[in-house]
Amino acid sequence: MTVEVGYPVKKLRAVTDGARRKPSIGMEGQRFSERFGRFFTKRNSLIVCVLIPSLLAALYYFLIASGQYVTETRMVVRTIGVSERFDTSEVRSGRSIVGGDSLTQDSYIVANYLRSPQIVDKLDREMDLKSFFIKDDIDFLSRLSDGREASFEELTKYWNEHVDTYVDGPSGIIIFTVRAFSPEDSMRISKAALDAANQMIDKISEKAKTDLVARAQSEMQASLENYQKALGDLRDYQNRTGILDPTSSAKMVSAIIAKLTEEKLKLTVDLNSLKAAKADDTARGRELRRSIQALDDQIDQQQNSLAGKKDDTGEQLSSSMIEFSRLETRRIVTQALYEATARNLDTAQSTALKRTTFISVFSASHLPEKAKYPERFSEWLVLTAGLFTLWMTATLVWMSIEDHRV
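What follows is the structure, given as structure tokens:
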């Protein structure tokens, strides 16, 4: 009995000792959770997640963050010296640089250029734009990352973060702001950017005027070539036929026929008189018959040349008049087109000389006296409130999980 009773007791002790030596995974997780819960209390988590980051943010905003000075410029793009007679196909109230008075379209062009990589490249080449954003007195979070080694893409992104453009649609007014780390730098960058925008507008305007004149010259040259060809065809036809003006020739032929007919009538009267006197067989009568026959031949020949059948004696005037009319009409039309394009060229040249597109600044930037950014207290307060809100949310979620475990 004793042996039988003692064996289970020893076995139970061995199992108990083994259980103590090898705790289960669930028990270890529970112990870790208990230790983590004892250390990471609400008070400790509030300090770690809210108070310490808020203190670091306060140190940065109030002691380290560099002040950023803002200059603001208000301007509008205008175009003057437009000829209304030259191009009436455009509506007056919305033309761009190539068409007349400019409102919003040119303003958006300028605003887009002020934030483009082209102006960044131009300013960096002309005034070393990077040097304004990598100075030693700029705090490490605000300065251009990588310094002189920063890529062009990084510089462009940094530029767009420190400039802003706004276009008022109805009026076309552009508001351009620049942020830099000293008042002088802000003024210099703003002035250089506006100078670059002016150069861009001048370049586009000059190209528009050049294209306008070139197009008018091309049209005039084409119409001149057509007119010269029409003149050449008419001249060749006149040289080939020997007729300068078929209409005048027809009038002259008609006059000749009338004269010959009149002479024939006179001779016929004389011949009839001889016949009445029974003397038509005399030498005078025979001469009158020969003269009348010659006149008939001449009349037939002239009538054939005017509108009759074509023979070997010359060119039909009726056919000549049709071809001549076609060539003369073509000459008149091409001459009118040439004169119209010549007037257009004169108008285009005059318009190009008088037209001017420019940026009109009506509210110039002034040297800022006080840094506008960062807004130290408000930004620190927003950050602290955000951290506190996140901590509250995380704490509530953790408490909900703990409640479900129990």
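The UniProt record's numbering numbers the first residue of the sequence shown as 1 and each following residue consecutively.
Ideal placement from N, C-alpha and C gives every residue a C-beta, glycine not left out.
Reference residue i; option with closest CA among the options
| i | options | result |
| --- | --- | --- |
| LEU367 | GLU72, TYR60, TYR338 and PHE358 | GLU72 |
| ILE174 | TYR69, ARG43 and ASN112 | ASN112 |
| ALA340 | ALA283, LYS259, LEU260 and GLN217 | GLN217 |
| PRO117 | GLU225, ALA352 and ALA196 | ALA196 |
| ALA342 | TRP159, GLU262 and GLU219 | GLU219 |
| ALA336 | LYS275, LEU114 and ALA222 | ALA222 |
| ALA58 | ASN160, GLU379 and VAL397 | GLU379 |
| ASP236 | GLN68, GLU323, TRP398 and ARG179 | GLU323 |
| residue 409 | SER273, ILE109 and TRP159 | Because the chain spans 1 through 406 in this model, residue 409 falls outside it and cannot be assessed. |
| ARG43 | SER400, THR395, ASP403 and HIS404 | THR395 |
| ILE256 | THR241, ARG215 and GLN301 | GLN301 |
| ASP346 | ARG215, LYS372, GLY232 and SER400 | ARG215 |
| ALA294 | THR268, SER273, ALA283 and MET200 | THR268 |
| PHE152 | LYS122, ASN239 and VAL167 | LYS122 |
| TRP159 | ASP168, LEU114 and THR393 | LEU114 |
| GLN238 | LYS207, GLU328 and ASP281 | GLU328 |
CB of residue i within 8 Å of CB of residue j, strictly
| i | j | result |
| --- | --- | --- |
| TYR227 | THR357 | no |
| ASP296 | LYS266 | no |
| PHE176 | THR165 | yes |
| GLY172 | THR79 | no |
| PHE62 | ARG376 | yes |
| VAL213 | GLN349 | yes |
| ARG326 | ALA230 | no |
| LEU144 | VAL120 | no |
| LEU141 | TRP391 | no |
| SER107 | VAL77 | yes |
| THR261 | ILE299 | yes |
| ILE134 | ARG148 | yes |
| ARG74 | PHE362 | yes |
| ALA65 | ASP136 | no |
| ASN198 | ILE359 | yes |
| TYR338 | LEU234 | no |
| LEU271 | ARG289 | yes |
| GLY67 | ALA371 | yes |
| ARG179 | TYR60 | no |
Residue i - partner residues in DSSP beta bridges
| i | result |
| --- | --- |
| PHE176 | THR73 and THR165 |
| VAL361 | MET75 |
| TYR373 | GLN68 |
| THR356 | ILE80 |
beta-carbon residue i near the ligand FAD non-hydrogen atom, thresh 7 Å
| i | result |
| --- | --- |
| GLN238 | Looking at this structure, you won't find the ligand FAD or any other ligand, since it has none at all. |
Contact the stretch 349-367 vs the stretch 187-202: 3+ CB pairs below 8 Å: yes
contact_flag[the stretch 48-66, the stretch 377-388] where n(CB pairs < 8 Å) is 3 or more: yes
Segment contact flag, the stretch 114-133 with the stretch 190-206, C-beta cutoff 8 Å, min 3 pairs: yes
Segments of 3+ residues assigned as beta strand (DSSP E) that fall wholly inside the stretch 102-133: none
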